[in-house]
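Down below is the structure, laid out as structure tokens.
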Amino acid sequence: MSQQVKMVVCDLDGTLLFDPKRITKRTKKTIRQLRKQGILFGICSGRSALALQQKVKTWGIENDVDFVLGFNGAMFWDPKTGVVESRLELKPEDIQPIMDACQGYQFTFGEYQGNDMIVTAINFLTKAMGGRNELGMKQVTPQELIRPALKFMAVGMPWTLNRWWKSDRKETLTTARVFRSGPFLFEFVNRDLSKLEGIKTVCQKYGVQLDEVVTFGNDNNDVEMITGTIGVAMSNANQAVKEVSSYITTSNFTDGVAKFIEANILNPNAKPLVAKNIPSSKS
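With numbering that gives the first Met the number 0 applied, the sequence shown closes on residue 282, and no number is skipped along the way.
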């Protein structure tokens with residue numbers, strides 16, 4: 000076993016999940032073997048950590064997860080104790096500039112409120128998002144979204160997101176940072192937030208160094224996480240993720256997470272893993 004690894008953290012969509020409803024048997028078995036070896040396992044996702052309380056049961060891993068980071072690291076949930084902690088939220092005064100920056104584009108705006116999605120329109124896109132996360136749906140006015148939020152969303156068709164992304168709007172936005180998560184969604188979060196910042200908080204809780212953490216990801220909001228740890232990009236990852244990764248594995252459709260863990264962490268003959276972008280805490 001690769002002795003320096005003390006924690007493994009996975010993104011969900013396009014990484015750990017074979018499809019939105021399923022984690023493969025092989026991957027679940029590998030996670031259980033990891034934890035039997037004393038290695039912590041956690042999820043770090045743009046989804047709501049509250050919504051993931053139900054989803055881990057749906058996927059059959061409710062007893063196999065040490066922690067969940069939701070909202071790109073802004074919310075921490077400990078399944079054993081039930082503790083939920085939040086940090087680095089958007090303030091009400093941060094929200095209006097986001098909507099102003101999106102003016103003239105056909106977006107539906109939304110936020111999470113407990114176990115509900117609150118959105119400015121209930122349509123096939125927002126229904127799909129709510130259904131995927133097993134959340135209720137409430138339609139509200141744009142003004143009702145001007146409230147503290149861990150994540151603000153703009154949902155639209157891919158060509159609308161492409162046009163906005165190629166414009167100068169994101170450069171003029173100073174109250175939040177924006178990720179594109181898949182073809183239909185922009186996520187706006189606190190300027191200081193990233194998945195890596197969330198992982199740093201978890202590392203402090205458990206006494207783990209970043210060069211003892213292996214992370215898996217595939218999308219834009221995974222870049223900092225992959226850069227700041229022993230980062231593993233899926234073969235289906237964006238080029239930006241692959242460029243900063245320490246290693247590349249196969250896709251989420253071919254058990255890429257399980258294959259890498261089996262070969263490089265659980266394998267007693269595996270060579271020590273090296274973080275490409277950070278110095279070792281043991282050097």
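Ideal Cβ placement from N, Cα and C applies to all residues, glycine included.
### Message
Could you compute how far the alpha carbon of Leu-209 sits from the alpha carbon of Gly-129?
### Response
33 Å
### Query
To which residues of the same chain is Tyr-111 closer than 6 Å at the C-beta, ignoring the five residues directly before and after it?
Ser-47
### Query
Since Glu-223 contacts Ser-245 with CB under 8 Å, what's their CB separation in whole angstroms?
Actually they do not touch by this definition, with Cβ atoms about 14 Å apart.
### Query
Of the residues Pro-271, Glu-88, Ile-277, Asp-254, which one's Cα is nearest the Cα of Leu-11?
Asp-254
### Query
Cys-101 by DSSP, collapsed to three states: which one?
coil
### Task
Give every residue of the same chain whose Cβ lies closer than 7 Å to the Cβ of Arg-190, excluding the five residues on either side of it in the sequence, and list them in chain order.
Ala-175, Arg-176
### Task
Would you mind reading off the limits of the alpha helix (DSSP H) that contains Phe-123?
123 to 131
### Task
For the beta strand (DSSP E) holding Arg-89, just list the boundary residues, first then last.
Sequence inspection shows Leu at residue 89; the Arg mentioned does not correspond to that position. Careful: Leu-89 lies outside any beta strand (DSSP E) and carries neither H nor E.
### Query
Beta-carbon separation of Pro-319 and Ile-145 under 7 Å?
No answer is possible for residue 319: it lies beyond the span of the chain, which begins at 0 and ends at 282.
### Cα-Cα separation, Val-55 to Asn-71
17 Å
### Message
At the level of alpha carbons, what is the spacing between Gly-37 and Gly-113?
### Response
32 Å
### Query
Residue ranges of each alpha helix (DSSP H) run of no fewer than 4 residues wholly in the segment 147 to 235, ordered along the chain?
157 to 165, 168 to 171, 194 to 205, 222 to 226
### Query
How many Å lie between Gly-155 and Ser-180 at the Cα?
12 Å
### Message
Assuming Phe-66 is part of the beta strand (DSSP E), what are its boundary residues?
### Response
66 to 69
### Query
Within 10 angstroms of its Cβ, does Trp-158 collect 16 or more other Cβ (buried), or is it exposed?
exposed
### Query
Can Val-207 and Val-4 be called in contact, C-beta distance under 7 Å?
no
#### Entry: Continuous beta strand (DSSP E) stretch holding Glu-110: start and end
107 to 112
### Task
Could you spell out the range, first to last residue, of the beta strand (DSSP E) harbouring Phe-17?
Note, Phe-17: premise wrong, no beta strand (DSSP E); not H, not E.
### Pairwise C-alpha distance: Met-98 and Ile-277
37 Å
### Query
With a cut-off of 7 Å, does the C-beta of Ile-94 fall near any C-beta of chain B?
Within the model displayed, chain B is absent; a lone protein chain is all it includes.
### Task
Pair every Cβ in the segment 15 to 35 with every Cβ in the segment 219 to 235, then say whether three or more of these pairs are closer than 8 Å.
no
### Task
For the alpha helix (DSSP H) holding Val-301, just list the boundary residues, first then last.
As displayed, the chain neither begins before 0 nor continues past 282, which places residue 301 out of reach and without an answer.
### Task
Compare the Cα-Cα distances from Gln-32 to each of Leu-265, Glu-84, Asp-218, Phe-75 and report the closest residue.
Leu-265
### Query
DSSP state of Gly-72, grouped into three classes?
helix
### Query
If we ignore side chains and look at the alpha-carbon of each, how far apart do Ala-100 and Arg-168 end up?
6 Å
### Message
By the three-class DSSP mapping on this structure, what secondary structure does Ile-247 have?
### Response
strand
### Candidates Lys-137, Gly-216, Phe-183, of which the one nearest Ile-121 by Cα
Lys-137
### Message
Can you look up Gln-52 in the DSSP assignment and give me helix, strand or coil?
### Response
helix
### Query
Going by other Cβ atoms of all chains shown within 10 Å of its Cβ, with 16 needed for buried, is Asn-161 buried or exposed?
exposed
### Query
So, helix, strand or coil for Lys-5, using DSSP?
coil
### Three-way DSSP call (helix, strand, coil) for Ile-264 in this model
helix
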